[in-house]
Amino acid sequence: MILKILIFLVVISLIFYIVTYPYNFKLDRKLKRVLSFPQVEKIINVKHKYSEFSNEELEAEFILEEHFLKSSYTEEKMRFLILKPKKLKANPLCLVLLHGIRDRCEDWLYKAKIRENYLTLKKKGRIDDVIFILPDSGYKGESWYSNFYKDDIHQYEEFFSKDLTKFIEDRYPESIKGIGGFSMGGYGSLKIGLKNLDSYHVIASFSGAISLIRMSINRRVMRIFRYLYVPRFLFNDVNKAHFVKVFSPWGYKILKNDPYSIIKITEPEKFRDKKFYLSVGSEDKKPYLMFQQWLDVIGRAKKYNLDFKGKIYENEYHTWDYISKDIYNFLKFFTDETKKGK
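For reference, each letter of the sequence shown is one residue, going 218 to 559 in the working numbering.
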(Lines of atoms letter the chains of each structure in order from A and count residues from 1; the text may use other names and numbers.)
(Lines give C-alpha, C1' and ligand atoms only; values in the text may rest on other atoms or scores of the structure.)
Protein backbone atom coordinates (compact mmCIF):
# COMPACT_ATOMS: atom_id res chain seq x y z
CA MET A 1 0.00 0.00 0.00
CA ILE A 2 2.76 2.40 0.95
CA LEU A 3 4.64 1.57 -2.25
CA LYS A 4 1.55 2.35 -4.34
CA ILE A 5 1.14 5.71 -2.60
CA LEU A 6 4.78 6.56 -3.25
CA ILE A 7 4.49 5.60 -6.91
CA PHE A 8 1.31 7.68 -7.21
CA LEU A 9 3.02 10.71 -5.67
CA VAL A 10 6.02 10.34 -7.97
CA VAL A 11 3.80 10.13 -11.05
CA ILE A 12 1.74 13.16 -9.99
CA SER A 13 4.94 15.11 -9.31
CA LEU A 14 6.34 14.25 -12.74
CA ILE A 15 3.11 15.28 -14.46
CA PHE A 16 3.03 18.54 -12.52
CA TYR A 17 6.68 19.23 -13.34
CA ILE A 18 6.13 18.55 -17.05
CA VAL A 19 3.03 20.75 -17.18
CA THR A 20 4.55 23.70 -15.27
CA TYR A 21 8.13 23.53 -16.61
CA PRO A 22 9.19 26.92 -18.08
CA TYR A 23 9.55 25.81 -21.70
CA ASN A 24 11.02 28.28 -24.16
CA PHE A 25 7.67 28.89 -25.84
CA LYS A 26 6.22 29.87 -22.45
CA LEU A 27 9.14 32.21 -21.80
CA ASP A 28 8.71 33.76 -25.24
CA ARG A 29 5.03 34.32 -24.59
CA LYS A 30 5.70 35.89 -21.20
CA LEU A 31 8.52 38.05 -22.59
CA LYS A 32 6.24 39.34 -25.34
CA ARG A 33 3.72 40.36 -22.69
CA VAL A 34 6.35 42.04 -20.50
CA LEU A 35 7.84 43.94 -23.45
CA SER A 36 4.40 45.46 -24.01
CA PHE A 37 4.69 47.27 -20.65
CA PRO A 38 5.61 50.94 -21.15
CA GLN A 39 8.06 50.64 -18.22
CA VAL A 40 10.16 47.99 -19.99
CA GLU A 41 12.88 48.68 -22.55
CA LYS A 42 14.80 46.20 -24.67
CA ILE A 43 18.36 47.29 -25.40
CA ILE A 44 20.01 45.86 -28.52
CA ASN A 45 23.74 45.67 -29.22
CA VAL A 46 24.72 47.60 -26.14
CA LYS A 47 28.32 48.79 -26.00
CA HIS A 48 30.48 50.29 -23.31
CA LYS A 49 29.82 54.01 -23.09
CA TYR A 50 32.39 54.98 -20.52
CA SER A 51 35.69 56.61 -21.41
CA GLU A 52 39.02 55.18 -20.32
CA PHE A 53 40.99 56.99 -17.62
CA SER A 54 44.49 56.35 -16.33
CA ASN A 55 45.09 55.33 -12.72
CA GLU A 56 46.58 58.77 -12.11
CA GLU A 57 43.43 60.45 -13.41
CA LEU A 58 41.20 58.26 -11.26
CA GLU A 59 43.28 58.92 -8.16
CA ALA A 60 43.12 62.62 -8.85
CA GLU A 61 39.31 62.56 -9.07
CA PHE A 62 38.33 60.28 -6.17
CA ILE A 63 38.93 59.58 -2.50
CA LEU A 64 38.73 55.90 -1.51
CA GLU A 65 38.27 55.11 2.18
CA GLU A 66 38.31 51.70 3.85
CA HIS A 67 36.11 51.22 6.92
CA PHE A 68 35.31 48.42 9.36
CA LEU A 69 32.24 48.23 11.58
CA LYS A 70 32.03 46.01 14.63
CA SER A 71 28.53 44.64 14.93
CA SER A 72 26.58 42.74 17.56
CA TYR A 73 24.95 40.81 14.71
CA THR A 74 28.08 39.16 13.28
CA GLU A 75 31.27 37.64 14.63
CA GLU A 76 33.37 39.41 12.02
CA LYS A 77 34.13 43.08 11.57
CA MET A 78 32.25 44.14 8.49
CA ARG A 79 34.34 45.86 5.83
CA PHE A 80 33.19 48.44 3.33
CA LEU A 81 34.64 51.10 1.05
CA ILE A 82 33.47 54.66 0.58
CA LEU A 83 34.23 56.05 -2.85
CA LYS A 84 33.61 59.77 -3.22
CA PRO A 85 34.59 62.44 -5.72
CA LYS A 86 37.05 65.00 -4.41
CA LYS A 87 34.80 67.77 -5.66
CA LEU A 88 31.38 67.53 -4.03
CA LYS A 89 28.45 69.87 -3.78
CA ALA A 90 26.33 69.99 -0.63
CA ASN A 91 24.09 66.98 -0.01
CA PRO A 92 25.33 64.61 -2.71
CA LEU A 93 23.37 61.49 -3.56
CA CYS A 94 24.39 58.33 -1.71
CA LEU A 95 24.36 54.89 -3.37
CA VAL A 96 24.98 51.50 -1.74
CA LEU A 97 26.15 48.78 -4.15
CA LEU A 98 26.17 45.09 -3.16
CA HIS A 99 28.37 42.54 -4.96
CA GLY A 100 27.54 38.98 -6.02
CA ILE A 101 28.35 35.63 -4.45
CA ARG A 102 32.08 35.07 -3.81
CA ASP A 103 32.82 38.51 -5.25
CA ARG A 104 34.32 41.48 -3.37
CA CYS A 105 33.43 45.15 -3.06
CA GLU A 106 36.48 46.08 -5.18
CA ASP A 107 34.75 44.47 -8.16
CA TRP A 108 32.61 47.58 -8.48
CA LEU A 109 35.83 49.52 -9.11
CA TYR A 110 37.73 47.18 -11.40
CA LYS A 111 35.01 45.10 -13.10
CA ALA A 112 31.92 47.32 -13.10
CA LYS A 113 34.12 50.35 -13.86
CA ILE A 114 32.04 52.52 -11.57
CA ARG A 115 34.59 55.34 -11.57
CA GLU A 116 34.92 55.43 -15.35
CA ASN A 117 31.14 55.37 -15.81
CA TYR A 118 30.66 58.09 -13.23
CA LEU A 119 33.31 60.41 -14.64
CA THR A 120 32.09 59.95 -18.21
CA LEU A 121 28.56 60.90 -17.22
CA LYS A 122 29.74 63.68 -14.95
CA LYS A 123 31.78 65.32 -17.69
CA LYS A 124 28.68 65.25 -19.88
CA GLY A 125 26.72 66.99 -17.12
CA ARG A 126 24.36 64.05 -17.09
CA ILE A 127 24.42 63.06 -13.41
CA ASP A 128 24.61 64.66 -9.98
CA ASP A 129 27.34 64.12 -7.38
CA VAL A 130 27.24 60.62 -5.87
CA ILE A 131 28.99 59.03 -2.90
CA PHE A 132 29.29 55.25 -3.28
CA ILE A 133 29.12 52.84 -0.33
CA LEU A 134 30.65 49.50 -1.36
CA PRO A 135 30.36 46.79 1.33
CA ASP A 136 31.79 43.31 1.43
CA SER A 137 28.94 40.90 2.02
CA GLY A 138 30.67 39.03 4.84
CA TYR A 139 31.10 35.25 5.23
CA LYS A 140 33.80 35.20 2.51
CA GLY A 141 31.42 36.71 -0.04
CA GLU A 142 28.62 34.23 0.62
CA SER A 143 26.40 35.87 3.24
CA TRP A 144 23.38 36.38 0.96
CA TYR A 145 22.97 39.60 2.99
CA SER A 146 20.73 37.48 5.20
CA ASN A 147 20.27 36.19 8.73
CA PHE A 148 21.46 32.59 8.76
CA TYR A 149 18.93 30.07 9.96
CA LYS A 150 19.32 29.34 13.70
CA ASP A 151 22.69 31.09 13.77
CA ASP A 152 22.99 34.13 16.04
CA ILE A 153 26.52 35.09 14.97
CA HIS A 154 25.74 35.36 11.26
CA GLN A 155 22.86 37.86 11.16
CA TYR A 156 23.89 39.78 8.06
CA GLU A 157 20.51 41.25 7.17
CA GLU A 158 20.43 42.86 10.60
CA PHE A 159 23.86 44.37 10.01
CA PHE A 160 22.99 45.85 6.62
CA SER A 161 19.51 47.00 7.63
CA LYS A 162 20.52 48.47 10.97
CA ASP A 163 24.23 49.08 11.50
CA LEU A 164 25.28 50.03 7.98
CA THR A 165 22.09 51.95 7.19
CA LYS A 166 22.45 53.90 10.45
CA PHE A 167 26.10 54.67 9.66
CA ILE A 168 25.10 56.06 6.27
CA GLU A 169 22.17 58.07 7.63
CA ASP A 170 24.30 59.54 10.42
CA ARG A 171 27.13 60.50 8.08
CA TYR A 172 24.98 61.74 5.19
CA PRO A 173 21.69 62.76 6.83
CA GLU A 174 20.51 65.08 4.05
CA SER A 175 21.43 62.82 1.12
CA ILE A 176 18.83 60.96 -0.92
CA LYS A 177 19.86 57.31 -0.81
CA GLY A 178 19.68 54.35 -3.13
CA ILE A 179 20.67 50.69 -2.97
CA GLY A 180 21.45 48.29 -5.81
CA GLY A 181 23.31 45.07 -6.47
CA PHE A 182 24.40 42.38 -8.90
CA SER A 183 23.33 38.71 -8.66
CA MET A 184 23.30 37.79 -4.95
CA GLY A 185 23.73 41.53 -4.39
CA GLY A 186 20.60 42.20 -6.46
CA TYR A 187 18.77 39.88 -4.13
CA GLY A 188 20.22 41.68 -1.10
CA SER A 189 19.46 45.17 -2.40
CA LEU A 190 15.85 44.37 -3.31
CA LYS A 191 15.16 42.54 -0.04
CA ILE A 192 16.85 45.11 2.20
CA GLY A 193 15.34 47.96 0.20
CA LEU A 194 11.83 46.51 0.41
CA LYS A 195 12.18 45.99 4.15
CA ASN A 196 13.62 49.49 4.71
CA LEU A 197 11.58 51.68 2.41
CA ASP A 198 11.91 54.63 4.76
CA SER A 199 15.68 54.65 4.22
CA TYR A 200 16.02 54.14 0.45
CA HIS A 201 14.41 56.18 -2.31
CA VAL A 202 15.74 54.13 -5.26
CA ILE A 203 16.09 50.33 -5.19
CA ALA A 204 17.79 48.39 -7.98
CA SER A 205 18.61 44.85 -9.03
CA PHE A 206 21.05 44.08 -11.84
CA SER A 207 20.44 40.47 -12.86
CA GLY A 208 19.54 39.64 -9.28
CA ALA A 209 18.26 36.48 -7.61
CA ILE A 210 14.98 38.22 -6.86
CA SER A 211 12.53 35.31 -7.03
CA LEU A 212 14.19 32.71 -4.82
CA ILE A 213 11.79 29.85 -5.43
CA ARG A 214 12.31 30.15 -9.17
CA MET A 215 15.95 29.14 -8.58
CA SER A 216 14.81 25.58 -7.90
CA ILE A 217 11.13 25.14 -8.83
CA ASN A 218 8.39 26.74 -10.86
CA ARG A 219 6.72 29.72 -9.20
CA ARG A 220 3.32 28.04 -9.63
CA VAL A 221 4.06 25.68 -6.75
CA MET A 222 4.75 28.47 -4.24
CA ARG A 223 1.48 27.87 -2.39
CA ILE A 224 2.47 24.26 -1.91
CA PHE A 225 6.14 25.04 -1.31
CA ARG A 226 5.43 27.04 1.85
CA TYR A 227 4.36 23.81 3.55
CA LEU A 228 7.34 21.75 2.42
CA TYR A 229 10.52 20.71 4.19
CA VAL A 230 13.51 20.25 1.91
CA PRO A 231 16.05 17.76 3.36
CA ARG A 232 19.61 19.02 3.14
CA PHE A 233 20.96 15.74 1.76
CA LEU A 234 19.06 16.36 -1.48
CA PHE A 235 21.41 19.24 -2.28
CA ASN A 236 24.74 17.96 -3.58
CA ASP A 237 25.48 21.27 -5.32
CA VAL A 238 27.66 23.52 -3.14
CA ASN A 239 25.65 26.67 -3.82
CA LYS A 240 22.32 24.99 -3.17
CA ALA A 241 23.58 23.35 0.02
CA HIS A 242 24.74 26.75 1.25
CA PHE A 243 21.38 28.24 0.25
CA VAL A 244 19.58 25.81 2.58
CA LYS A 245 22.12 26.52 5.33
CA VAL A 246 21.33 30.23 5.09
CA PHE A 247 17.57 30.23 4.54
CA SER A 248 16.56 26.95 6.25
CA PRO A 249 14.97 23.88 4.69
CA TRP A 250 11.45 25.16 5.43
CA GLY A 251 9.50 26.62 2.52
CA TYR A 252 7.63 29.25 4.53
CA LYS A 253 10.87 30.62 5.98
CA ILE A 254 12.43 30.91 2.54
CA LEU A 255 9.38 32.77 1.25
CA LYS A 256 9.69 35.32 4.07
CA ASN A 257 13.06 36.28 2.55
CA ASP A 258 11.91 36.21 -1.08
CA PRO A 259 11.65 39.66 -2.75
CA TYR A 260 8.98 38.38 -5.16
CA SER A 261 6.89 37.37 -2.14
CA ILE A 262 7.71 40.47 -0.06
CA ILE A 263 6.28 42.76 -2.76
CA LYS A 264 2.90 41.06 -2.42
CA ILE A 265 2.64 41.46 1.36
CA THR A 266 3.95 45.03 1.57
CA GLU A 267 1.34 47.72 2.15
CA PRO A 268 0.89 49.62 -1.15
CA GLU A 269 1.12 52.97 0.66
CA LYS A 270 4.76 52.24 1.50
CA PHE A 271 5.69 52.18 -2.20
CA ARG A 272 4.67 55.80 -2.67
CA ASP A 273 7.54 57.86 -4.17
CA LYS A 274 9.86 54.82 -4.28
CA LYS A 275 11.60 54.02 -7.56
CA PHE A 276 12.70 50.58 -8.76
CA TYR A 277 15.20 49.63 -11.46
CA LEU A 278 15.24 46.00 -12.62
CA SER A 279 17.59 44.80 -15.35
CA VAL A 280 18.76 41.49 -16.80
CA GLY A 281 20.59 39.97 -19.76
CA SER A 282 18.40 38.07 -22.20
CA GLU A 283 20.70 35.01 -22.05
CA ASP A 284 20.95 34.88 -18.26
CA LYS A 285 18.79 31.75 -18.08
CA LYS A 286 21.02 29.02 -16.66
CA PRO A 287 21.94 27.71 -14.18
CA TYR A 288 19.98 29.97 -11.80
CA LEU A 289 17.28 31.32 -14.09
CA MET A 290 17.92 35.02 -13.51
CA PHE A 291 16.05 35.90 -16.70
CA GLN A 292 13.02 33.91 -15.54
CA GLN A 293 13.22 35.55 -12.11
CA TRP A 294 13.29 38.97 -13.75
CA LEU A 295 10.15 38.11 -15.73
CA ASP A 296 8.38 37.06 -12.52
CA VAL A 297 9.25 40.22 -10.63
CA ILE A 298 8.53 42.57 -13.55
CA GLY A 299 5.07 41.03 -13.78
CA ARG A 300 4.53 41.44 -10.06
CA ALA A 301 5.87 45.02 -10.05
CA LYS A 302 3.36 45.87 -12.78
CA LYS A 303 0.49 44.14 -10.96
CA TYR A 304 1.14 45.97 -7.69
CA ASN A 305 1.73 49.35 -9.35
CA LEU A 306 5.36 49.84 -8.37
CA ASP A 307 7.05 52.81 -10.02
CA PHE A 308 9.73 50.89 -11.90
CA LYS A 309 11.94 50.78 -14.95
CA GLY A 310 12.76 47.41 -16.49
CA LYS A 311 15.63 46.85 -18.90
CA ILE A 312 16.53 43.71 -20.81
CA TYR A 313 19.86 43.61 -22.63
CA GLU A 314 19.92 41.45 -25.74
CA ASN A 315 22.66 38.79 -25.89
CA GLU A 316 24.03 39.62 -22.45
CA TYR A 317 24.91 37.01 -19.81
CA HIS A 318 25.57 36.89 -16.08
CA THR A 319 28.85 38.82 -16.14
CA TRP A 320 30.49 41.89 -14.66
CA ASP A 321 31.08 43.05 -18.23
CA TYR A 322 27.30 43.35 -18.63
CA ILE A 323 27.12 45.23 -15.33
CA SER A 324 29.75 47.71 -16.53
CA LYS A 325 27.36 48.59 -19.38
CA ASP A 326 24.18 48.62 -17.32
CA ILE A 327 25.56 50.77 -14.49
CA TYR A 328 25.91 53.63 -16.99
CA ASN A 329 22.15 53.62 -17.56
CA PHE A 330 21.36 53.11 -13.91
CA LEU A 331 23.38 56.12 -12.77
CA LYS A 332 21.34 58.27 -15.16
CA PHE A 333 18.14 56.74 -13.79
CA PHE A 334 19.30 57.33 -10.21
CA THR A 335 19.95 61.02 -10.87
CA ASP A 336 16.73 61.56 -12.83
CA GLU A 337 14.49 59.89 -10.26
CA THR A 338 16.07 61.56 -7.25
CA LYS A 339 15.62 64.96 -8.90
CA LYS A 340 11.92 64.22 -9.10
CA GLY A 341 11.92 63.46 -5.39
CA LYS A 342 13.54 66.75 -4.36
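Glycine included, C-beta positions come from ideal geometry on N, C-alpha and C. Note that the structure is predicted; figures quoted are calculated from it, not measured.
Check: So with Cβ pairs under 8 Å, would you call residue 529 a contact of chain C?
Finding: Of the protein chains in the structure, only one exists, and it is not chain C.
Notebook entry, point to check: Cα separation between residue 320 and residue 378?
Noted result: Position 103 of the sequence shown, counted from the start, is the residue given in the question as residue 320. Position 161 of the sequence shown, counted from the start, is the residue given in the question as residue 378. When rounded, the separation of the alpha-carbon atoms in residue 320 and residue 378 is 20 Å.
Notebook entry, point to check: What span of residues does the beta strand (DSSP E) with residue 296 cover, start to end?
Noted result: Against the sequence shown, residue 296 aligns to sequence position 79. Taken as a continuous stretch (DSSP letters only), the beta strand (DSSP E) holding residue 296 covers 295-302.
Next item on the list: Pick helix, strand or coil for residue 425, following the three-state DSSP scheme.
Entry: On the sequence shown, position 208 is the one that residue 425 refers to. Correct three-state label for residue 425: coil.
Next item on the list: Could you have a look at residue 459 and say whether DSSP puts it in helix, strand or coil?
Entry: Counting from 1 along the sequence shown, the entry for residue 459 is found at position 242. Helix.
Margin query: In the DSSP assignment, the beta strand (DSSP E) including residue 270 goes from what residue to what residue?
Written below: Residue numbering aside, residue 270 sits at position 53 when the sequence shown is read from its first letter. From DSSP, residue 270 is part of no beta strand (DSSP E); its letter is neither H nor E.
Margin query: Quick check on residue 550: does DSSP put it in helix, strand or coil?
Written below: What you label residue 550 is simply residue 333 of the sequence shown in a count that begins at 1. In the structure shown, residue 550 sits in a helix (DSSP, three-state: H, G or I).
Notebook entry, point to check: In the DSSP assignment, what are the bridge partners of residue 364?
Noted result: Stepping through the sequence shown from its first residue, residue 364 is reached at position 147. Answer is 372.
Next item on the list: State the beta-bridge partners of residue 291 as determined by DSSP.
Entry: The residue labelled residue 291 in the question sits at position 74 within the sequence shown. DSSP lists 371 as partners of residue 291.
Next item on the list: May I have the straight-line CA-CA distance separating residue 256 from residue 219, to the nearest angstrom?
Entry: Taking the first residue of the sequence shown as 1, we reach residue 256 at position 39. Taking the first residue of the sequence shown as 1, we reach residue 219 at position 2. So the two alpha carbons sit approximately 52 Å from each other.
Notebook entry, point to check: Residues in its own chain within less than 7 Å of residue 275 by CB, not counting five upstream and five downstream?
Noted result: Taking the sequence shown and counting its residues from 1, one reaches residue 275 at position 58. For residue 275, where only same-chain residues beyond five positions count, the Cβ hits under 7 Å are 332.
Item checked: Reference residue 368, options 268, 554, 291, closest by Cα -> Within the sequence shown, numbered from 1, the residue matching residue 368 stands at position 151. For the residues 268, 554, 291, the minimum Cα distance to residue 368 belongs to 291.
Note to self: Can you tell me which residues form a DSSP beta bridge with residue 524?
What the structure shows: Walking along the sequence shown from the start, residue 524 turns up at place 307. In the DSSP output, where bridge partners are listed per residue, residue 524 has 492.
Note to self: Rounding to the nearest angstrom, what Cα-Cα distance links residue 532 and residue 328 in this structure?
What the structure shows: As a working note, residue 532 is residue 315 in the sequence shown. As a working note, residue 328 is residue 111 in the sequence shown. Roughly 19 Å between the two C-alpha positions.
Next item on the list: Ignore the nearest five residues each way along the sequence and tell me which others in residue 356's own chain have a CB closer than 6 Å to its CB.
Entry: Looking up residue 356 in the sequence shown gives position 139. For residue 356, same chain residues with a beta-carbon under 6 Å away, outside a window of 5 residues either side, do not exist.
Notebook entry, point to check: Taking Cβ positions, are residue 475 and residue 424 nearer each other than 8 Å?
Noted result: Residue numbering aside, residue 475 sits at position 258 when the sequence shown is read from its first letter. Residue numbering aside, residue 424 sits at position 207 when the sequence shown is read from its first letter. Cβ atoms of residue 475 and residue 424: not closer than 8 Å.
Checklist line | Given residue 458 as reference, the closest of 366, 540, 546, 314 once Cα atoms are compared | finding: Taking the sequence shown and counting its residues from 1, the one referred to as residue 458 is at position 241. Closest option to residue 458, Cα to Cα, is 366.
Note to self: Here's a check: name, in chain order, each residue in its chain whose Cβ is nearer than 8 Å to the Cβ of residue 426, leaving out the five neighbours to either side.
What the structure shows: For this step, residue 426 is matched to residue 209 along the sequence shown. The answer, listed in chain order, is 400, 401, 403, 404, 432, 505, 507, 510.
Check: Quick one: what's residue 344 bridged to in DSSP?
Finding: Indexing the sequence shown from 1 puts residue 344 at position 127. Paired residues: none, contrary to the question.
Next item on the list: Could you name the residues of the same chain whose beta carbon sits closer than 6 Å to that of residue 552, not counting the 5 residues immediately before and after it, in chain order?
Entry: Residue mapping note: residue 552 aligns to position 335 of the sequence shown, counting from 1. So the list reads 344, 345, once near-sequence residues are dropped.
Item checked: Residues that DSSP places opposite residue 498 in a beta bridge -> Here residue 498 corresponds to residue number 281 of the sequence shown, with the count starting at 1. For residue 498, which the question treats as bridged, DSSP gives the partners 530.
Next item on the list: Buried or exposed for residue 374, please, with buried defined as at least 16 other CB atoms from any protein chain shown within 10 angstroms of its CB.
Entry: Within the sequence shown, the letter at position 157 stands for residue 374. Answer is buried; the Cβ neighbour count reaches 16.
Next item on the list: Report yes if the CB atom of residue 499 is closer than 8 Å to the CB atom of residue 265, and no otherwise.
Entry: What you label residue 499 is simply residue 282 of the sequence shown in a count that begins at 1. What you label residue 265 is simply residue 48 of the sequence shown in a count that begins at 1. No; because the gap between Cβ atoms is not below 8 Å, this pair is not in contact.
Notebook entry, point to check: How far does the beta strand (DSSP E) with residue 411 in it reach, from first residue to last?
Noted result: As a working note, residue 411 is residue 194 in the sequence shown. Where residue 411 is concerned, there is no enclosing beta strand (DSSP E), although the alpha helix (DSSP H) it sits in stretches over 401-412.
Next item on the list: With a 10 Å radius around its C-beta and 16 neighbouring C-beta atoms as the bar for buried, classify residue 307 as buried or exposed.
Entry: In the sequence shown, the residue the question calls residue 307 occupies position 90. Residue 307 comes out exposed.
Next item on the list: Report back the beta-carbon spacing between residue 283 and residue 302 to the nearest angstrom; my notes put them in contact at under 8 Å.
Entry: Position 66 of the sequence shown, counted from the start, is the residue given in the question as residue 283. Position 85 of the sequence shown, counted from the start, is the residue given in the question as residue 302. Not quite, the Cβ-Cβ distance comes to about 17 Å (not below 8 Å), so this is no contact.
Check: Taking one C-beta from the segment 487-496 and one from the segment 525-539 each time, how about it: are there three or more such pairs within less than 8 Å?
Finding: yes
Next item on the list: Answer with buried or exposed for residue 554, where buried requires no fewer than 16 other C-beta atoms within 10 angstroms of its C-beta.
Entry: Taking the first residue of the sequence shown as 1, we reach residue 554 at position 337. The residue is buried, with at least 16 neighbouring Cβ atoms inside 10 Å.
Next item on the list: Compute the Euclidean distance between the alpha carbons of residue 538 and residue 544, then round it to the nearest angstrom.
Entry: Counting from 1 along the sequence shown, the entry for residue 538 is found at position 321. Counting from 1 along the sequence shown, the entry for residue 544 is found at position 327. When rounded, the distance between both Cα atoms is 10 Å.
Note to self: Whole angstroms are fine: how far does the CA of residue 243 sit from the CA of residue 341?
What the structure shows: The residue you call residue 341 lines up with position 124 of the sequence shown. The residue you call residue 243 lines up with position 26 of the sequence shown. Spanning the two alpha carbons is a distance of roughly 42 Å.
Check: For the putative contact between residue 334 and residue 382, defined by C-beta atoms under 8 Å, what is the C-beta separation to the nearest angstrom?
Finding: Along the sequence shown, one-based indexing puts residue 334 at 117. Along the sequence shown, one-based indexing puts residue 382 at 165. No, residue 334 and residue 382 are not in contact; Cβ-Cβ is about 25 Å, not under 8 Å.
Checklist line | Those residues which DSSP pairs with residue 283 across a bridge | finding: Against the sequence shown, residue 283 aligns to sequence position 66. Under DSSP, the beta-bridge partners assigned to residue 283 are 298.
Item checked: Three-state class that DSSP yields for residue 393 in the structure shown -> Numbered from 1 along the sequence shown, position 176 holds the residue referred to as residue 393. Residue state for residue 393 is assigned as coil, using DSSP reduced to three classes.
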